[in-house]
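Okay, so here's the structure we're looking at.
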Amino acid sequence: MTGTGSGSGARGPAGLAVRDLVVRYPGSGRGAPEVTAVAGVTLEVPAGEVLALLGPSGCGKSSLLRAVAGLEPPTSGAVTWDGIDLAAVPVHRRGFGLVFQDGQLFPHRDVAGNVAYGLRGLTRDARAARVAELLDLVGLPGYDRRPVATLSGGERQRVALARSLAPRPRLLLLDEPLSALDRSLRERLADDLRRALVATATTALFVTHDQDEAATVADRVAVMSAGRLLQVDAPEALWRRPASREVAEFLGYRTFLGADDAGGPGGAALAVAAGGWRVLGPAEPEPGSATPVRAAVVAERRTRRGRAEVVAVLEPEDVRVAAALPAGGTGAPEPGDRVRLAAEDGAVAVVGG
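Sequential numbering of the sequence shown, starting at 5, is according to the numbering used here.
In structure tokens, the structure reads:
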């Protein structure tokens, strides 16, 4: 790649760096104000790392990825690679690979023709060897002569991944590559994607709205909302210590307890994920418990997805939660009974603080 920039002075960090990036779009009507899609984002992706941009639809994660790719001109801020400003570097000279939701394969080429598309300056034998290597890596050995039209959705995305990896990109940009697939296939492909990225030591920026995908594929996860970065952390740290209630709610935490009542550190609160409560028994003290234990009044009993549970009202928060009943169901509480509820260890987070 031919880089452009200041041409003097010390370079910035190796890998991708985004500094105070802003992306705005014109308003939808005459005289309408501009829409800010990315609001002053700063982040780094060191060489060899996979970073997931996680957030709901419309939060700005795809706009950020497109700005990094050079497909969307930023309103202000900078995107650099190995310290070189990419502002004047066109898309095709950045050395980045792109994978989109639909794969965007060439229908008139077979699988090998698609994978080999970005390979330049290689002999025919070297191209064939590289194609075979990548098809084996993505789990499609022997698919080289198959027409694209005969492939399933999952196979198409595997071919798209192989094509993007073929020229050994400096950075791989993946924009919701699994979102059009069904749940079981997404889970399997997320595992395979992680293995492929690790095996090739590829630096990657991975956009998704699915926190399970993000945790499976990425080394770190950046949570976005309304164009802002809320938290960047390793998946386990993100789940265990969300930086704010907004992050915790996005991750699926539904019940929030004051730290003083529930044993959290000063200035923090404890959060319990949906489905994270279980019934211990009648409401009696629980000395020495390591997890939040709360008194509650049963409002109703029900079965959800094969799980016997109660809906109970926590005291003193007056918050309704669902809690699993012990296996066997003997002596199950009735509406109006006071019970003790415990939060499962893996369903509790410390928020803020």
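A virtual CB, placed ideally from N, CA and C, is assigned to each residue, including glycine.
Which listed residue (Y147, M228, P50 and V163) has its alpha carbon closest to that of G122: V163
Would you say the region 246-262 touches the region 95-109, given that touching needs at least three Cβ pairs under 8 Å? no
Between A183 and Q105, is the Cβ-Cβ spacing less than 8 Å? With the sequence shown as reference, residue 183 is identified as Ser, and Ala is not the correct amino acid for it. Yes, these two residues count as a Cβ contact at 8 Å.
Please go through the region 131-216 and give each complete beta strand (DSSP E) segment of 3 or more residues, from N-terminal end onward. 175-179 and 208-212
Helix or strand or just coil, what does DSSP make of R224? strand
Which partner residues of T127 appear in the DSSP bridge assignment? Looking at the DSSP assignment, T127 forms no beta bridge with any residue, so it has no partner.
Extent of the continuous alpha helix (DSSP H) to which R113 belongs: That residue, R113, is in no alpha helix (DSSP H); it is neither H nor E in DSSP.
Please report the distance separating the alpha-carbon of A326 from that of A353. 18 Å
Less than 8 Å between the C-beta atoms of E180 and V211, yes or no? yes
Check each candidate in G356, G350 and P320 and name the one with the smallest Cα separation from R344. Of the residues G356, G350 and P320, the one whose Cα lies closest to the Cα of R344 is P320.
Got a sec? Which residues, its chain only, sit under 6 Å from T206 by beta carbon, not counting five neighbours each side? L176
Using the beta-carbon count (16 or more within 10 Å), is D196 buried or exposed? Buried, since its Cβ has 16 or more Cβ neighbours within 10 Å.
Comparing C-alpha positions only, which one of A273, A132, D114 and M228 sits nearest to F254? The candidate whose alpha carbon is nearest that of F254 is M228.
Pairwise C-alpha distance: A73 and A351: 37 Å
So, Y257 versus V276, is the Cβ gap smaller than 8 Å? Yes, Cβ-Cβ distance for Y257 and V276 is below 8 Å.
In this structure, how does DSSP classify F254 when only helix, strand and coil are distinguished? helix
Are L25 and V42 touching if we call contact CB-CB under 8 Å? A contact, by the Cβ cut-off of 8 Å.
Assuming contact is defined by CB atoms lying nearer than 8 Å, are L318 and A300 in contact in what I supplied? The answer is yes: Cβ separation under 8 Å.
With 16 other CB atoms within 10 Å as the buried threshold, where does F110 fall? Burial call: exposed.
Per the DSSP calculation, L57 is bridged to which residue(s)? L57 pairs with V211 and A226.
Measure from the alpha carbon of L55 to the alpha carbon of each residue in V297, P151 and L20, then state which is nearest. L20
Under 8 Å, do P151 and D114 count as touching if we go by C-beta distance? yes
Range covered by the alpha helix (DSSP H) that runs through L90: It is not in any alpha helix (DSSP H) - L90 carries neither H nor E in the DSSP assignment.
For G59, I'd like the list of residues in its chain whose CB is within less than 8 Å of its CB, leaving aside the five on either flank, ordered along the chain. Its chain contains K65, H213, V227, M228, S229 and F254 as the residues whose beta carbon lies nearer than 8 Å to that of G59, once the 5 sequence neighbours on both sides are disregarded; these appear in chain order.
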